[in-house]
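Following: one structure in structure tokens, then a few remarks.
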Amino acid sequence: PAVRIFCLKAVESRHCQTKRYCKGLPGVSASGMGLRLSQKFVFLIFLSGLVTLCFGALFFLPDSVRLKRIFLSKTETQPVTVGSGSGSENDAREHLKRPKEQDHPRAMTSTKGDTSTKLKSLSRKPAVSREATEERLAGGRAQEDLTLSRSKTESATVPDSDANWDTFSYDKFRRCLLKPPLGRDGGRPSDPKTTERRDKVKEMMKFAWDNYKRYAWGKNELRPLTRNGHIGNIGASIIDSLDTLYIMGLMDEYNDAKQWVQSSLDLNSNGEASLFEVNIRYVGGLLSAYYLTGEELFKTKAVELGEKLLPAFNTPTGIPRGVINLGSGTSWSWGWASAGSSILAEFGTLHLEFVHLTELSSNPIYTEKVMNIRKLLNKIEKPHGLYPNFLSPVSGNWVQHHVSIGGLGDSFYEYLIKSYLMSDKTDDDAKMMYYSALEAIEANLVQKSPGGLTYMAEWRGGILDHKMGHLACFSGGMIGIGADDGAPEKRQHYLDLAAEITHTCHESYTRSATKLGPEAFRFDSGAEATATRLSDRYYILRPEVIESYMYMWRLTHDPKYREWGWEAVEALEEHCRVESGFSGIRDVYTMTVSHDNMQQSFFLSETLKYLYLLFSDDDLLPLEDWVFNTEAHPLPIIRKSCLQDEATQDKTVSE
1 PAVRIFCLKA VESRHCQTKR YCKGLPGVSA SGMGLRLSQK FVFLIFLSGL
51 VTLCFGALFF LPDSVRLKRI FLSKTETQPV TVGSGSGSEN DAREHLKRPK
101 EQDHPRAMTS TKGDTSTKLK SLSRKPAVSR EATEERLAGG RAQEDLTLSR
151 SKTESATVPD SDANWDTFSY DKFRRCLLKP PLGRDGGRPS DPKTTERRDK
201 VKEMMKFAWD NYKRYAWGKN ELRPLTRNGH IGNIGASIID SLDTLYIMGL
251 MDEYNDAKQW VQSSLDLNSN GEASLFEVNI RYVGGLLSAY YLTGEELFKT
301 KAVELGEKLL PAFNTPTGIP RGVINLGSGT SWSWGWASAG SSILAEFGTL
351 HLEFVHLTEL SSNPIYTEKV MNIRKLLNKI EKPHGLYPNF LSPVSGNWVQ
401 HHVSIGGLGD SFYEYLIKSY LMSDKTDDDA KMMYYSALEA IEANLVQKSP
451 GGLTYMAEWR GGILDHKMGH LACFSGGMIG IGADDGAPEK RQHYLDLAAE
501 ITHTCHESYT RSATKLGPEA FRFDSGAEAT ATRLSDRYYI LRPEVIESYM
551 YMWRLTHDPK YREWGWEAVE ALEEHCRVES GFSGIRDVYT MTVSHDNMQQ
601 SFFLSETLKY LYLLFSDDDL LPLEDWVFNT EAHPLPIIRK SCLQDEATQD
651 KTVSE
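Residue 519 in the UniProt record's numbering is what sits at position 519 of the sequence shown, and the numbering runs on without skipping anything.
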């Protein structure tokens, strides 16, 4: 209003050249010749200051939601937080990560402390059997003629509902799997000791779930000490638990979760939500539940939610902003992110889910969005071949030269190798990017401590920070699953590197009093694999170390990985289990634990699922058919040739 009044006066002063408009106006000479010289001077100074202020705010201040509210007249809404992120770097990256069992006669057993590992024979691309048609899992029959309704978004033109898109057939998808998803007997091992351990993990899941349902139903997470729910009411723990409950055979609990999705999942919440968390947790969890069960409900919800994420890509570069209002479609960058930048591990952790959204909806927009991100990353210069953590969605340039395989960077690298595997090894671009990045990581970040421990340091503009975060411990599993597809002369090297990193992360657990690992551990000032700062000594039920145990067990069948997993189970039971759930602890180096009063949703989705798979036979969610997203939601490998053959056969039969 003040600016508008000022401008009106300026216009009015121009009309003051005639007595008709100026009569009686203060500050106008009696002769009607305009403003006095001193007033003109003050006016020009004020105008130049106003212009400088406006243009400075628009073009030189960091991009933020506050500026958008000022200049775009957006109304402020109450925050509705998705997941555990709350706006600070640590909260928003609470889970930017990583982001997995039948004994094999050819497995090589190594002695304790020996990290040299032999790769178990694992063929990921045998011929698809056309004769093995499985029995459909529980759930409604897939509707092959289903056309998903699509609402208009700000970022893309969505095809009309009557467009001639091929529809996804659940039956065809199931026939293209090499093995039943749940194995011969639900992955139940023949060894009684391992079976007992697996049953214990299942009991832990039921205990955690029952208390969540009793005290925090519909909330994002459970506060087990105060017995109430934690911020948000869009059921993060419910969505994250769907596939875990299903593969564990907890069908009553699974049906309760499914009913909540049907009746209470609100996809129109007005408030801020992390694009990253919504994608990996909600879209990923719903996709996984659909592929495992065939329930159309999950497919429909996943596509509807994916569509609501598209406005975040409405930037000059197509790099999405990190925060979105699901109701209005407005998006902005995290307030703490440098100069309004987007985060590598957020915009780089969309590919798996978005490719599947295109598969289910027959709408190419999802794949186009993530391929545009990849195209930009391939084009811009990378310092020493490394990918910094912050990128401007406006200019498409790196904002800082901070590189980390842990928080802020982690799952970007994970999604490169997993995109290649999920494409049935046809995505050569993802393969090239992954192995090029891994080469740069080895050259610049991989270090060996004086005590012989291999670790991933962080890189800050050419200076190494000899710190490794718990989040970076996913990399043992990542390098392991990619070993078989590297250059022939480097395959054993990659598997050995994966084993060494996993060993280091195990050491971070064994060197604490509680036998649980800290949030970050250092390798300087005489310290090795221990947290030297008070702010790094906490454990929040994170899964990354156990994730690497599971993958390394699947790849090598070295029994030490199951033993290490059982050590983690015993530590969780002793120090994190409380009367009404599981809680993180504030200091892993003291036996007098102080709990943080938070049962993270990823504890149900990842930590307990990976433990359950670790103590199961390999045919439960076999790696030949499934790739896990960074929230441990299994997504199937897309076998285009098989699906096309199935479609051709169906057409021939119908004719």
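Using N, Cα and C, we set each Cβ at its ideal position, and we do this for glycine too. Treat the numbers as computed from the prediction; the structure is a model and nothing was measured.
Among the residues of its own chain, which have a CB less than 6 angstroms from the CB of residue i, if the five just before and after it don't count?
i	result
Ser419	His351, Asp427, Ala430
Ile479	Tyr494, Leu497, Ala498
Leu178	Glu624, Asp625
Lys112	Note that Lys112 scores 37 on pLDDT, short of 50, meaning its location in the model is unreliable; the coordinates nonetheless yield the value given after this. Nothing meets the Cβ criterion.
Asp252	none
Check residue i in the structure and name its three-state DSSP category.
i	result
Tyr212	helix
Val403	strand
Trp626	strand
Trp398	strand
Val578	strand
Lys418	helix
Ser392	coil
Lys382	coil
Ile45	helix
Thr167	coil
Ile540	coil
Ile365	helix
Ile319	coil
Lys202	helix
Lys515	coil
Could you pull the start and end residues of the alpha helix (DSSP H) that residue i belongs to?
i	result
Gln599	From DSSP, Gln599 is part of no alpha helix (DSSP H); its letter is neither H nor E.
Thr454	Taken as a continuous stretch (DSSP letters only), Thr454 belongs to no alpha helix (DSSP H), being part of the beta strand (DSSP E) at 454 to 456.
Asp465	First-last for Asp465: 463 to 465, but that is the beta strand (DSSP E), not the alpha helix (DSSP H).
Leu611	608 to 614
Ile481	475 to 482
Leu309	296 to 309
His557	It is not in any alpha helix (DSSP H) - His557 carries neither H nor E in the DSSP assignment.
Leu280	Note on identity: in this sequence residue 280 is Ile, with Leu being the wrong assignment. Element bounds for Ile280: n/a, residue is neither H nor E.
Cys505	491 to 510
Ala257	251 to 264
Ala236	236 to 247
Look at residue i and residue j and say whether their C-beta atoms are less than 9 angstroms apart.
i	j	result
Arg542	His595	no
Glu631	Arg281	yes
Tyr549	Arg537	no
Leu310	Lys299	no
Asp410	Phe474	yes
Val403	Asn444	yes
Lys258	Ala289	yes
Pro518	Val588	yes
Tyr434	Gln447	no
Ile324	Leu275	yes
Met468	Ala520	yes
Ile231	Trp260	no
Met205	Leu245	yes
Lys515	Glu567	yes
Val303	Leu222	no
Run through the DSSP bridge pairs and tell me what residue i is partnered with.
i	result
Gly229	Leu222
Asn325	Glu272
Pro634	Phe628
Thr530	Arg522
Ser342	Leu391
Met468	Phe521
Ile585	Tyr539, His595
Lys448	Thr454
Starting from residue i and walking both ways along the beta strand (DSSP E), at which residues does that stretch end?
i	result
Trp564	It is not in any beta strand (DSSP E) - Trp564 instead sits in the alpha helix (DSSP H) that spans 560 to 571.
Glu442	Per DSSP, Glu442 belongs to no beta strand (DSSP E); it is in the alpha helix (DSSP H), 428 to 444.
Ser274	272 to 274
Leu287	Element bounds for Leu287: not the beta strand (DSSP E) but the alpha helix (DSSP H), 284 to 293.
Phe521	520 to 522
Enumerate in chain order the residues of its own chain whose CB-to-CB distance from residue i is below 8 angstroms, with the five nearest sequence positions on each side excluded.
i	result
Gln262	Leu297
residue 731	Summary: the structure shown does not reach residue 731, with the chain confined to residues 1 through 655, and so no result is reported for it.
Met552	Thr117, Gly476, Gly477, Gly480, Ala498, Ala499, Thr502, Asp558, Tyr561
Ala437	Gly385, Leu386, Tyr387, Tyr413, Leu416
Leu344	Tyr387, Pro388, Asn389, Phe390, Leu391, Leu408, Gly409, Phe412
Can you find the residues in the same chain that come closer than 7 angstroms, C-beta to C-beta, to residue i, ignoring five residues on each side of it along the sequence?
i	result
Arg66	For Arg66, the predicted model reports a pLDDT of 33, less than 50, meaning its position is unreliable; a value from the coordinates is still stated below. If we look at Arg66 and ignore the five residues flanking it on each side, it has no Cβ neighbours.
Gly186	Gly249, Leu620
Ser512	Pro518, Val588, Tyr589
Phe46	none
With hydrogens ignored, establish whether the beta-carbon of residue i is closer than 8 angstroms to any heavy atom of the ligand GTP.
i	result
Gly584	The model on display carries no ligand, and the ligand GTP is accordingly not part of it.
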